[in-house]
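**Student:**
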Amino acid sequence: MSDSAGDNSKPRVAVLGGCGFIGRNLVEYLISNDLVSGVRVVDKTPPQLAFLNATHSKVFEDPRVEYKSANLINPTSCASALDPGPHEWGLVVNCAGETRVGQSEAVYSEGIYTLSCNVAKQCAALKVPRLVEISSGYMYSKDKPHKESDAVNPWTVEAQMKAKVEQELKKLEPDLNYTILRPAIVYGVGDRRSLTPRLLYGGIYKHLGETMKLLWTAELKLNTVHVRDVCRAAWLVARRARCAGHTYHVVDDANTTQGSLAELVSEIFKINHDYYGAAISTLAKTDITAVAEEANDKHLTAWADICRQYQLLHSPLEPSAPVELLLNKHVCLDGSKLKEIMSMDVPKPTAENLLQVLEDYASMNLFPKELLL
Ligand SMILES: NC(=O)c1ccc[n+]([C@@H]2O[C@H](COP(=O)([O-])OP(=O)(O)OC[C@H]3O[C@@H](n4cnc5c(N)ncnc54)[C@H](O)[C@@H]3O)[C@@H](O)[C@H]2O)c1
Numbered sequence: 019m020s021d022s023a024g025d026n027s028k029p030r031v032a033v034l035g036g037c038g039f040i041g042r043n044l045v046e047y048l049i050s051n052d053l054v055s056g057v058r059v060v061d062k063t064p065p066q067l068a069f070l071n072a073t074h075s076k077v078f079e080d081p082r083v084e085y086k087s088a089n090l091i092n093p094t095s096c097a098s099a100l101d102p103g104p105h106e107w108g109l110v111v112n113c114a115g116e117t118r119v120g121q122s123e124a125v126y127s128e129g130i131y132t133l134s135c136n137v138a139k140q141c142a143a144l145k146v147p148r149l150v151e152i153s154s155g156y157m158y159s160k161d162k163p164h165k166e167s168d169a170v171n172p173w174t175v176e177a178q179m180k181a182k183v184e185q186e187l188k189k190l191e192p193d194l195n196y197t198i199l200r201p202a203i204v205y206g207v208g209d210r211r212s213l214t215p216r217l218l219y220g221g222i223y224k225h226l227g228e229t230m231k232l233l234w235t236a237e238l239k240l241n242t243v244h245v246r247d248v249c250r251a252a253w254l255v256a257r258r259a260r261c262a263g264h265t266y267h268v269v270d271d272a273n274t275t276q277g278s279l280a281e282l283v284s285e286i287f288k289i290n291h292d293y294y295g296a297a298i299s300t301l302a303k304t305d306i307t308a309v310a311e312e313a314n315d316k317h318l319t320a321w322a323d324i325c326r327q328y329q330l331l332h333s334p335l336e337p338s339a340p341v342e343l344l345l346n347k348h349v350c351l352d353g354s355k356l357k358e359i360m361s362m363d364v365p366k367p368t369a370e371n372l373l374q375v376l377e378d379y380a381s382m383n384l385f386p387k388e389l390l391l
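Set out below in structure tokens:
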């Protein structure tokens, strides 16, 4: 830790899952805006294996940033990772959790529920002034904008675990001082598993010379938020006493739908898109697993072809979708509670800001730049 760790006017922050998509962008936000005296990045994945781009790698080399390896599922490892040493934590942000597609319920239970409970208990024991917990916006399935006070009905296993975590945090009051963020679908540089698979589909259909066909309709709500605004939200709610104990949706102003995203993807790759008729989409309701497997097989085969043709030897990108995300369920959030505190820097996804994600991967030879021409 550098000398600046002793600068008491700025908090020292632990970013758990700091090598992940949201985590690395948060570390960059805190360091490049000079908001903190120091950041401890805790992750089971070392930065060297996290496919950081040049900007994030540089930030991770800043003397105010230290990396600590830990498996937060293990309470002893979690306690050691959060051991503040001679300085106190001003803030802990938990961006760690199991996000790999297609894991068993037991893996999500350990990787989300056990992990977040360990973190929360440790923060309560250390009397950390604020824990910001990144939860999930997949808590409601209807196509109306849901408020934080609506009853939750989490429709992915990951979101079910997050809902259980939220209950546990409440039980730890008043020892635990926390704020919960429920982001919509987060996109931006470094995203691999949220919106990026949909961008990869565009590249795949361009490569195949086919129309991109999508399940359901253009009206399916897939509300979004740029990662920069998730990072700003984490910082801003942490700085306000009145946000303690509250839950906030983090969503942009676009009311994004499958249709609006498909338009952007089609614009980027200069392809056509279309929707399966009601008959196939209805069939998908009853045999969604077979439909998902068939689509994933087609996409993965084409992606393997692309990787071979353009010599992408180590790309971590994967154009596959878990079955539950292919259901006709909406991500539709009312973000007005958070908007009393902040407005969104990035109000909507655009061809430019989505292209930026792919160009960043292309600059690391993880996506073929030829498909962007
Ligand atoms: N990306 C989204 O669209 C989105 C939307 C809503 C909520 N979230 C939630 O936000 C959080 C961060 O998401 P992300 O997109 O940055 O995911 P990510 O997979 O990119 O990052 C998660 C990080 O946590 C680390 N991690 C996982 N298990 C760990 C363990 N046992 N010990 C230590 N580190 C561990 C991983 O190595 C990874 O670096 C997750 O909890 C996710 O569910 C994400």
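Per our numbering, residue 19 is the first one in the sequence shown, and the count goes up by one each step. Positions of the beta carbon are idealized from the N, C-alpha and C atoms, including for glycine.
Could you tell me which residues DSSP puts in a beta bridge with Tyr-266?
**Tutor:** Numbered from its first residue, the sequence shown carries residue 266 at position 248. DSSP lists Leu-199 as partners of Tyr-266.
**Student:** Mind checking who Ala-97 pairs with in its DSSP beta bridge?
**Tutor:** What you label residue 97 is simply residue 79 of the sequence shown in a count that begins at 1. Answer is none; Ala-97 lacks a bridge partner.
**Student:** With DSSP collapsed to three states, give me the class of Ala-23.
**Tutor:** Counting from one through the sequence shown, the residue named residue 23 turns up at place 5. Reliability of the predicted coordinates at Ala-23 is poor, the pLDDT of 42 falling under 50, and no value is obtained from them.
**Student:** Nearest CA to the CA of Gln-327: which residue from Ala-310, Leu-226 and Ser-354?
**Tutor:** As a first step, residue 327 must be located in the sequence shown, where it is residue number 309. It is Leu-226 whose Cα lies nearest to the Cα of Gln-327.
**Student:** Look up Glu-46 in the DSSP assignment and say whether it is helix, strand or coil.
**Tutor:** The residue labelled residue 46 in the question sits at position 28 within the sequence shown. In this structure, Glu-46 counts as helix in the three-state DSSP scheme.
**Student:** Contact check, Leu-279 vs Val-248 under 8 Å by CB: the rounded distance?
**Tutor:** Residue numbering aside, residue 279 sits at position 261 when the sequence shown is read from its first letter. Residue numbering aside, residue 248 sits at position 230 when the sequence shown is read from its first letter. With a Cβ gap of about 18 Å, Leu-279 and Val-248 do not count as contacting.
**Student:** Phe-78 and Pro-65 look like a contact to me (Cβ under 8 Å); what is the Cβ gap, rounded to whole Å?
**Tutor:** The count along the sequence shown starts at 1 and reaches residue 78 at position 60. The count along the sequence shown starts at 1 and reaches residue 65 at position 47. Going by Cβ atoms, the distance from Phe-78 to Pro-65 rounds to 5 Å, so yes, they are a contact pair.
**Student:** Taking DSSP as the reference, what is the three-state secondary structure of Asn-112?
**Tutor:** Against the sequence shown, residue 112 aligns to sequence position 94. The answer is strand: DSSP assigns Asn-112 an E or B state.
**Student:** DSSP state of Ile-306, grouped into three classes?
**Tutor:** Mapped onto the sequence shown, residue 306 falls at position 288. In this structure, Ile-306 counts as helix in the three-state DSSP scheme.
**Student:** Does any residue of chain C have a CB that is nearer than 7 Å to the CB of Lys-162?
**Tutor:** Structure shown: chain C not included; a single protein chain is present.
**Student:** I'd like to confirm something about Ser-212: is its beta-carbon nearer than 6 Å to some heavy atom of ligand 3, or not?
**Tutor:** For ligand 3, the structure offers nothing, since it holds only ligand 1.
**Student:** Expressed to the nearest angstrom, what Euclidean distance is found between the alpha-carbon atoms of Ile-324 and Ile-222?
**Tutor:** Residue 324 sits at position 306 when you count from the first residue of the sequence shown. Residue 222 sits at position 204 when you count from the first residue of the sequence shown. Near 8 Å, if we compare the C-alpha coordinates of Ile-222 and Ile-324.
**Student:** For the putative contact between Tyr-205 and Thr-174, defined by C-beta atoms under 8 Å, what is the C-beta separation to the nearest angstrom?
**Tutor:** Working through the sequence shown from its first residue, we reach residue 205 at position 187. Working through the sequence shown from its first residue, we reach residue 174 at position 156. About 18 Å separates the two Cβ atoms, so there is no contact after all.
**Student:** Rounded to whole angstroms, what is the Cα-Cα separation between Asp-21 and Pro-81?
**Tutor:** Here residue 21 is taken as the residue at index 3 of the sequence shown, counted from 1. Here residue 81 is taken as the residue at index 63 of the sequence shown, counted from 1. With a pLDDT of 37 at Asp-21, under the threshold of 50, the modelled position of this residue cannot be trusted; read the value that follows with caution. Going from the Cα of Asp-21 to the Cα of Pro-81 covers about 9 Å.
**Student:** For His-74, which of helix, strand or coil comes out of DSSP?
**Tutor:** Residue mapping note: residue 74 aligns to position 56 of the sequence shown, counting from 1. Looking at His-74 - three-state DSSP - the assignment turns out to be helix.
**Student:** Decide if Ser-98 is buried, meaning its Cβ has at least 16 other Cβ atoms within 10 Å, or exposed.
**Tutor:** In the sequence shown, the residue the question calls residue 98 occupies position 80. Classification for Ser-98: exposed.
**Student:** In angstroms, rounded to a whole number, what distance separates the CA positions of Cys-141 and Lys-231?
**Tutor:** On the sequence shown, position 123 is the one that residue 141 refers to. On the sequence shown, position 213 is the one that residue 231 refers to. Whole-angstrom Cα-Cα distance: 47 Å.
**Student:** Indicate whether Leu-90 and Ala-114 have their beta-carbon atoms separated by less than 7 Å.
**Tutor:** What you label residue 90 is simply residue 72 of the sequence shown in a count that begins at 1. What you label residue 114 is simply residue 96 of the sequence shown in a count that begins at 1. Their beta carbons are under 7 Å apart, which means Leu-90 touches Ala-114 by this criterion.
**Student:** Tell me which residues pass a beta-carbon proximity test against ligand 1: closer than 6 Å to any heavy atom, given in chain order.
**Tutor:** That query returns the following residues: Gly-35, Cys-37, Gly-38, Phe-39, Ile-40, Gly-41, Asp-61, Lys-62, Thr-63, Ala-88, Asn-89, Leu-90, Ile-91, Cys-113, Ala-114, Gly-115, Glu-116, Thr-117, Gly-129, Leu-133, Ile-152, Ser-154, Gly-155, Glu-176, Pro-201, Ile-203, Val-204 and Ser-212.
**Student:** Can you pull the DSSP bridge partners for Thr-368?
**Tutor:** The sequence position of residue 368 within the sequence shown is 350, counting from 1. According to DSSP, which records beta bridges pairwise, Thr-368 is partnered with nothing at all.
**Student:** Look up His-225 in the DSSP assignment and say whether it is helix, strand or coil.
**Tutor:** Locating residue 225 in the sequence shown gives position 207, counting from the first residue. His-225 falls in the helix class under three-state DSSP.
**Student:** What are the start and end residues of the beta strand (DSSP E) that includes Arg-58?
**Tutor:** Taking the first residue of the sequence shown as position 1, residue 58 is located at position 40. Counting along the chain, the beta strand (DSSP E) containing Arg-58 begins and ends at 56-61.
**Student:** Kindly confirm or deny that the segment 100-111 and the segment 27-41 touch, where touching means at least three C-beta pairs closer than 8 Å.
**Tutor:** In short, these stretches touch, since the Cβ pair count reaches three.
**Student:** Classify His-332 as helix, strand or coil using the three-state DSSP reduction.
**Tutor:** Sequence index remark: in the sequence shown, residue 332 carries index 314 (1-based). Reduced to three states, the DSSP call for His-332 is coil.
**Student:** Runs of 4 residues minimum, wholly inside the segment 227-291: which ones carry the alpha helix (DSSP H) assignment?
**Tutor:** Runs of the alpha helix (DSSP H) inside the segment 227-291: 245-257 and 276-287.
**Student:** Could you spell out the range, first to last residue, of the beta strand (DSSP E) harbouring Ser-87?
**Tutor:** Along the sequence shown, read from residue 1 onward, the residue named residue 87 stands at position 69. Counting along the chain, the beta strand (DSSP E) containing Ser-87 begins and ends at 83-87.
**Student:** Can you give me the start and stop residues for the beta strand (DSSP E) that Ala-32 sits inside?
**Tutor:** For the purposes of this step, residue 32 is taken as residue 14 along the sequence shown, with counting starting at 1. From DSSP, the beta strand (DSSP E) with Ala-32 extends over 30-34.
**Student:** Run the CB neighbour count on Arg-258, radius 10 Å, all protein chains shown included, and call it buried at 16 or more, exposed below.
**Tutor:** Counting from 1 along the sequence shown, the entry for residue 258 is found at position 240. Per the 10 Å Cβ criterion, exposed.
**Student:** Compute the distance between the beta-carbons of Glu-116 and Ile-130, then report whether it is under 7 Å.
**Tutor:** Along the sequence shown, one-based indexing puts residue 116 at 98. Along the sequence shown, one-based indexing puts residue 130 at 112. Against a cut-off of 7 Å, the Cβ pair of Ile-130 and Glu-116 comes out as a contact.
**Student:** Apart from the five residues on each side of it in sequence, which residues of its chain come closer than 6 Å, Cβ to Cβ, to Lys-145?
**Tutor:** The residue labelled residue 145 in the question sits at position 127 within the sequence shown. Around Lys-145: no qualifying Cβ.
**Student:** Apart from the five residues just before and just after Val-245, which ones in its own chain have a Cβ nearer than 8 Å to its Cβ?
**Tutor:** Along the sequence shown, read from residue 1 onward, the residue named residue 245 stands at position 227. Taken in chain order, the residues that qualify are Phe-39, Ile-40, Asn-43, Val-204, Tyr-205, Gly-206, Val-207, Gly-208 and Asp-209.
**Student:** Can you give me the C-alpha to C-alpha distance between Met-19 and Gly-56, rounded to a whole angstrom?
**Tutor:** By one-based count along the sequence shown, residue 19 stands at place 1. By one-based count along the sequence shown, residue 56 stands at place 38. Only weak support is given to the placement of Met-19: the predicted model assigns it a pLDDT of 33, under 50, and the value that follows is read from those uncertain coordinates. Between Met-19 and Gly-56, the C-alpha separation is close to 7 Å.
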